[in-house]
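Right, one structure below, let's go through it.
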Amino acid sequence: MKAKISRRKFLEISALATAGVTLGLSNPRDGQAESPNDIINVGIIGVGDRGEWEAYILKDIPGMRVIACCDILPDHLANGLKQADTGAKGYQDYRNLLENKDIDAVVIATPLHLHYQMAMDALQADKHIYCEKTMTYNIEQAHQLTEAVTRFDRVFQVGYQTRNNPLIGEIRKMIRSGACGQITHIRCNYHRNGDWRREVPDPQLERLINWRMYWEYSGGLMAELCSHHIDIANWFLESHPEKVTGFGGIDYWKDGRETFDNVCTIYEYPEGIKAIFTSITTNAHYGISLQYMGTRGTIEINNEEGQQALYFAEQKFVEEEPVPEKEGSAYAVTSATYQAWKRGEGVPIKVENQPQNDRETTGLALLHFGNCIRNNKIPVSNAKTARDAAVAVHLGNRAMRNGTIEYFDNKNANQHFPHRSIE
């Protein structure tokens with residue numbers, strides 16, 4: 006993504022970092038209740054940790070009601086119904102939930118290997134769908150589901166809630182406008198210190214509860230964690246990777262798991278942009294962080310919700326000519342900002358109504374889902390964008406598991422992602 010810009014334009018764009026731009030996205034807590042005819046009745050399929058959390062969040066979103074929950078585990082179902090609206094129905098078979106004509110939309114928050122069939126059945130049942138990431142268990146399913154979505158007049162959104170964070174949206178605008186110059190490298194970490202396991206009350210439920218540990222049900226760290234960062238890179242660059250390689254292993258948690266306890270992948274995007282995505286379970290120091298590095302500057306984003314973001318200007322451009330003294334001009338940079346840049350310090354990037362936690366970020370995503378249903382709009386995180394992320398995730402896993410370089414076929418990028426590998 007080449008961006009040759011004038012000095013004045015560079016300063017104008019950089020000033021956005023401290024401008025506190027308002028994007029006009031409302032907070033779900035501030036909305037007004039819709040009329041009864043505008044109420045969207047939601048059923049949640051899978052009310053484990055994530056599904057129960059989304060039921061809790063949906064209660065506070067104007068015009069949306071959780072009227073049904075489904076889970077094969079009785080304890081999960083009971084917990085989900087506690088968070089749902091009064092009178093919500095419980096199901097153990099999702100197909101029975103889909104037969105409920107009062108349900109307008111479903112949230113699919115089940116283990117990954119179940120997403121595809123549940124989503125296809127929900128489309129056939131004429132339901133709008135909010136599907137948790139990663140969209141599908143494999144590449145073929147990603148193509149097939151994307152094609153199916155185009156044939157049904159239903160809203161299909163995938164749970165990459167970071168796209169609905171106004172701070173992340175503002176950073177995207179800065180990058181697209183050239184604030185960092187030409188992006189050349191990206192580095193993303195999703196680091197934790199723990200075994201990533203859930204408590205299992207009965208050993209027979211091990212694979213059902215800790216499904217993330219087994220390839221039969223999951224894509225591991227790439228699908229559950231790195232997927233978020235891959236999706237954002239695709240969005241920022243308005244592209245997808247051309248090839249990927251990497252390393253992963255079970256090198257610390259020798260507890261019978263199958264999916265890796267650490268992953269390190271390198272993707273190459275068009276114009277030679279290198280993007281490194283890592284996730285480890287033995288050290289949380291760098292936590293959840295992203296760095297976008299370009300010829301004129303770097304943007305760093307820290308923590309899951311993007312609560313903190315800093316812009317670092319490259320010294321050679323800070324010092325090449327004086328900063329305009331006229332405050333208030335479109336391209337003015339304050340003296341404090343200029344001095345911070347000269348010291349090599351980052352300047353905070355802020356927006357109004359900035360989400361402070363996952364509850365608010367996910368709330369914005371679910372609010373967006375409801376608005377797309379009412380206005381028949383395509384969500385910012387949709388089947389096509391989620392397909393691109395899913396393909397990247399699965400090729401990353403394949404590269405690590407097989408010791409290969411996996412290639413994307415750009416000629417067919419808008420239709421399918423055929424790929425090839427070399428040893």
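Per my numbering: the sequence shown = residues 6 to 428. Just so you know, even glycine gets a beta-carbon here, dropped at the ideal spot from N, CA and C. These numbers come from a predicted model, not from an experiment.
Sixteen is the threshold: since fewer than 16 other Cβ atoms of the shown chains lie within 10 Å of the Cβ of Val205, the residue is exposed. In this structure, Asn169 sits near Leu369, with a CB-CB distance shorter than 9 angstroms. Here Val356 carries a strand assignment [DSSP, helix/strand/coil]. Only residues of its own chain outside the window of five on either side were considered, and among them Thr286, Thr287, Asn288 and Ala289 have a CB closer than 8 angstroms to the CB of Asn198, listed in chain order. Arg406 and Ala388 have their C-alpha atoms some 26 angstroms from each other. Taking the Cα positions, Arg177 is about 24 angstroms away from Gly375. Secondary structure note for Asn402: its alpha helix (DSSP H) is the uninterrupted segment Ala388 to Asn407. His373 is the residue among Glu305, His373, Gly253 and Val396 whose C-alpha sits nearest the C-alpha of Gln162. For Lys94, no alpha helix (DSSP H) run applies; the uninterrupted beta strand (DSSP E) run containing it begins and ends at Lys94 to Tyr96, by DSSP. Contact between the region 382-398 and the region 187-195 is not established, with fewer than three Cβ pairs separated by less than 8 angstroms. Taking 9 angstroms as the cut-off, the beta carbon of Thr91 is found no closer than this to the beta carbon of Leu117. About 7 angstroms separates the Cβ atoms of Thr139 and Ala394, confirming a contact at the 8 angstroms cut-off. Residue environment: Gln129 is assigned as exposed (fewer than 16 neighbouring CB atoms within 10 Å of its CB, all protein chains considered). Within the region 287-322, no complete alpha helix (DSSP H) segment of 4 residues or longer occurs. For Gly95, same chain residues with a beta-carbon under 7 angstroms away, outside a window of 5 residues either side, are Cys74, Leu82 and Leu86 in chain order. Contact annotation: the region 245-254 touches the region 262-273, with at least three C-beta pairs closer than 8 angstroms.
Annotation note: the region 189-247 contains no uninterrupted beta strand (DSSP E) run of length 3 or greater. Counting every other CB atom within 10 Å of its CB across the protein chains shown gives Asn267 a total of 16 or more, marking it as buried. Membership of Ala147 in the alpha helix (DSSP H) is indicated by the continuous run Ile144 to Arg156. With a beta-carbon spacing of about 20 angstroms, Phe241 and Tyr291 fall beyond the 8 angstroms limit used to define contacts.
Within the same chain, and ignoring the five residues on either side of Ala397 in sequence, the residues whose Cβ sits closer than 6 angstroms to its Cβ are Ile235 and Pro246.
Less than 9 angstroms separates the beta-carbon of Asn194 from that of Thr283.
About 6 angstroms separates the beta carbons of Thr167 and Ile237, which is inside the 8 angstroms limit, making them a contact pair. Inter-residue distance for Arg403 and Asn239 is about 19 angstroms (C-alpha atoms, whole angstroms).
Residue burial is scored here from C-beta neighbours: Gly254 has fewer than 16 other C-beta atoms within 10 angstroms and is therefore classed as exposed.
The continuous stretches of beta strand (DSSP E) do not include Gly261, and DSSP gives it neither H nor E. Beyond the five residues adjoining it in sequence on each side, Glu57 comes within less than 6 angstroms, by CB distance, of Asn84, Gly85 and Gln88 in the same chain, given in chain order. With fewer than 16 other Cβ atoms inside 10 Å of its own Cβ, Tyr257 counts as exposed.
Ranked by Cα distance from Ile72, the first of Gly224, Asp107, Asn307 and Lys355 is Asp107.
Here Thr270 carries a strand assignment [DSSP, helix/strand/coil]. Contact annotation: Ile134 and Val160 have beta-carbon atoms nearer than 9 angstroms.
Looking at the DSSP output, Ala110 bridges to Val47 and His133. In terms of Cβ geometry, Ala314 and Leu172 form a close pair [threshold 9 angstroms].
Note on geometry: alpha-carbon atoms of Tyr316 and Arg192 lie some 15 angstroms from one another.
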